[in-house]
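These notes are about the structure you will find just below.
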Amino acid sequence: MSEDFKRETTISVELRVSKTLQSLNLFLESMGKSISLYDLPTRPTNMDNVDCEFPREIQDEISIQIPPEDYEAELKLNLEQHKSLSMIVDVIQKGKSGIFFIDDPGRTRKIFLYRALLAHLRSKNLIAIATATATSGVAAAIMPGGRTTHSRFKISIDANKSSECTMSKQSGAAELLHRSKLFTWDEAPVAKRWAIENVDKLLKDVMGNDQDFGGKVVVFGGDFRQVLPVVPKATIHQTISQRRKNIQ
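Numbering-wise, the sequence shown is residues -12 to 235 according to our numbering.
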């Protein structure tokens, strides 16, 4: 890892070592740990603000490159899409909470709206971050910076009523959620209700706010007319009960 900093020919060996330790600590913090737990040199106190002001997860998000076509997407939205974007952005700008669902019967370009919305927020160059997630890895890969919900929120594979997302409140991942202004969740109808409710509990805990999803703005999307959640050996009634529409 120190070889990465060695390319910066103007810095001293001491500074290179300090930057390496700083990077290691950020990596450990992303997993809820600290460099102080291991037999490694401690970081100099004067290094706390050198190149690493934010956790690695936040640095990754703010370094996402916005494709030129996404900048232009907002100009190409139809009337209903533009109305939806304006409504969501207005809620965010006013610092309010909000839960939205973008219905997508027959693939009516919801991804186009997602990308326009994310580009609009990311182009503001704010520390506040828009997070793109999806239940399906394929759906997540379509959006810049997209991650699956299980990866982003640390949802348990066998999520149930009593399970919780495995994320420390002191981790860089939690700090990212705290700073984020928007969460988009594509293909939400495929997600099991407990996965969504576990994320609700996580955001309430991270934000210290008992409002739905910790008072965040969440935009779900998908088509309830298509694939139901996969519930092994379940009856049709049990499968339908796992849909987002049935969450209390």
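Even glycine gets a Cβ: it sits at the ideal position worked out from N, Cα and C.
Values in this document were obtained by computation on a predicted structure and should not be read as measured data.
Inset, instruction - Use the C-beta contact count for Met74: other C-beta atoms within 10 angstroms, 16 or more gives buried, fewer gives exposed. - result: Within 10 angstroms of the beta-carbon of Met74 lie fewer than 16 other beta-carbons, which makes it exposed.
Inset, instruction - Output yes or no for whether 8 Å exceeds the beta carbon distance between Lys203 and Ser84. - result: Between Lys203 and Ser84, the CB-CB gap stays under 8 Å.
Inset, instruction - Measure the beta-carbon distance from Gly132 to Ile79 and round it to whole angstroms, keeping in mind my assumption that it falls under 8 Å. - result: Actually they do not touch by this definition, with Cβ atoms about 17 Å apart.
Legend entry - Opening and closing residue of the beta strand (DSSP E) in which Ile89 lies: Run containing Ile89: 85 to 90, per the beta strand (DSSP E) assignment.
Legend entry - Close Cβ partners of Ser155 (< 7 Å) along its chain, the five nearest in sequence each way excluded: Counting only residues of its own chain and dropping the five nearest sequence neighbours on each side, Ser155 has a CB closer than 7 Å to the CB of Gly19, Ala161.
Inset, instruction - Enumerate in chain order the residues of its own chain whose CB-to-CB distance from Gln68 is below 8 Å, with the five nearest sequence positions on each side excluded. - result: Its chain contains Arg96, Phe99, Leu100, Ala103 as the residues whose beta carbon lies nearer than 8 Å to that of Gln68, once the 5 sequence neighbours on both sides are disregarded; these appear in chain order.
Inset, instruction - Starting from the Cα of Asp90, find the closest Cα among Thr136, Trp172, Asp197 and give me that residue. - result: Taking each of Thr136, Trp172, Asp197 in turn and checking the Cα distance to Asp90, the smallest one comes out for Trp172.
Inset, instruction - Let me know the alpha helix (DSSP H) ranges lying completely inside the segment 102 to 177, each 4 residues or longer, listed in chain order. - result: Counting only runs of 4 or more, we get 124 to 128, 136 to 140, 159 to 166.
Inset, instruction - Just tell me which of Thr153, Leu189, Met130 has its CA closest to the CA of Glu48. - result: Ranking Thr153, Leu189, Met130 by Cα distance to Glu48 puts Met130 first.
Inset, instruction - Alpha carbon to alpha carbon, how far is Trp181 from Ala126? Give it in angstroms, no decimals. - result: When rounded, the distance between both Cα atoms is 20 Å.
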